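Residues in the sequence shown are numbered from 218 upward in steps of one, following this note's numbering. Don't be surprised by glycine CBs; every beta carbon is placed ideally from N, CA and C. Please read all numbers here as calculations on a predicted model, not as lab measurements. Data first, discussion second: the structure below is written as structure tokens.
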Amino acid sequence: MTITLHKWTSADKVALMALCNAVDRTFLSDRLPNPYTEADADWWLGMVAGNEGKEGVWRSIWAEGQLVGSISVERKDDDRQAIGEIGYMILTPWWSQGIGTEAVRQICKIAFQELALEQIIGQVFPENVASARVLEKNGFRLEETKTGAVVKDGKSMDVMVYQKKNMDD
218 MTITLHKWTS ADKVALMALC NAVDRTFLSD RLPNPYTEAD ADWWLGMVAG
268 NEGKEGVWRS IWAEGQLVGS ISVERKDDDR QAIGEIGYMI LTPWWSQGIG
318 TEAVRQICKI AFQELALEQI IGQVFPENVA SARVLEKNGF RLEETKTGAV
368 VKDGKSMDVM VYQKKNMDD
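As structure tokens, this is what we get:
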């Protein structure tokens with residue numbers, strides 16, 4: 218299966234809205250609006266266009282010629298070092314086919330190169346075993362588990378924090 222990443226453009230608005238309204242939100246942060254509206258898509262695509270290659274890299278994930286997800290690495294505010302945070306989502310019918318693993322491999326290479334990062338971190342809910350495995354397959358190592366670090370659906374949730382250093386490539 219061929220998995221490719223593409224830069225998001227304003228022409229992708231309808232596809233982005235469909236993706237964000239169809240994705241399983243079980244393991245996503247509350248940061249993604251629900252429902253995902255045209256105004257949300259306009260704002261996000263504008264933010265991406267203005268920050269691509271500077272504050273982050275954002276890509277659509279394609280498999281077999283279909284849009285199946287989204288992935289990004291965004292620079293974190295840290296005066297001490299250049300750190301990015303990875304996030305991704307894939308439509309449920311495409312889970313467990315190696316798409317996430319390949320998309321993470323590709324975006325890390327892009328992010329380390331374009332953003333001059335020292336490391337990339339990924340935060341995963343402990344119940345999201347598949348996502349933790351995707352990170353581990355890409356050389357991420359479990360750094361810590363933060364208790365009650367994230368609020369999701371009004372509840373405090375633990376997160377496992379993984380990191381990948383640039384030299385790990």
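Under 8 Å Cβ to Cβ from residue i, same chain only, skipping five residues before and after it: list those, please.
| i | result |
| --- | --- |
| K230 | E255, A258, D259 and L262 |
| D386 | Because the pLDDT at D386 is just 46, under 50, the model does not fix this residue reliably, and the point stays unresolved. |
| M347 | This sequence places Ala at residue 347; Met is not what is there. Cβ neighbours of A347 beyond the five flanking positions: W312, S313 and G317. |
| E344 | F244 |
| E335 | Q298, A299, I300, K382 and N383 |
| E281 | M218 and T219 |
| A239 | L308 |
Identify, in the order they occur along the chain, each residue of the same chain with its Cβ nearer than 7 Å to the Cβ of residue i, setting aside the five sequence neighbours on each side.
| i | result |
| --- | --- |
| A366 | D375 and V376 |
| C237 | L249 and Y253 |
| Q323 | L222 |
For residue i, which residues in the same chain have their Cβ closer than 6 Å to its Cβ, ignoring the five residues on either side in sequence?
| i | result |
| --- | --- |
| T364 | D375 |
| M234 | Y253 and A258 |
| G371 | none |
| A232 | L284 |
| G304 | S289 |
| S227 | L262 |
| K293 | I300 and E302 |
Flag this pair as yes or no: are the beta carbons of residue i and residue j separated by less than 8 Å?
| i | j | result |
| --- | --- | --- |
| G286 | I307 | yes |
| E353 | Q380 | no |
| V341 | V321 | no |
| E331 | G270 | yes |
What residue range does the beta strand (DSSP E) around residue i cover?
| i | result |
| --- | --- |
| S277 | G273 to A280 |
| M218 | Careful: M218 lies outside any beta strand (DSSP E) and carries neither H nor E. |
| M374 | K372 to K382 |
Where do the ends of the alpha helix (DSSP H) carrying residue i lie?
| i | result |
| --- | --- |
| Q323 | I316 to L332 |
| G267 | E255 to N268 |
| K230 | K230 to A239 |
| K354 | V346 to K354 |
Examine the ligand SAH and report whether any of its heavy atoms sits within less than 7 Å of the Cβ of residue i.
| i | result |
| --- | --- |
| E302 | Questions concerning the ligand SAH fall outside what the structure shown contains, since it holds no ligand whatsoever. |
Rounded to the nearest angstrom, how far is the Cβ of residue i from that of residue j, given a contact under 8 Å?
| i | j | result |
| --- | --- | --- |
| E272 | E302 | That pair is no contact at about 11 Å. |
| D247 | V378 | Not quite, the Cβ-Cβ distance comes to about 18 Å (not below 8 Å), so this is no contact. |
| S289 | W275 | 4 Å |
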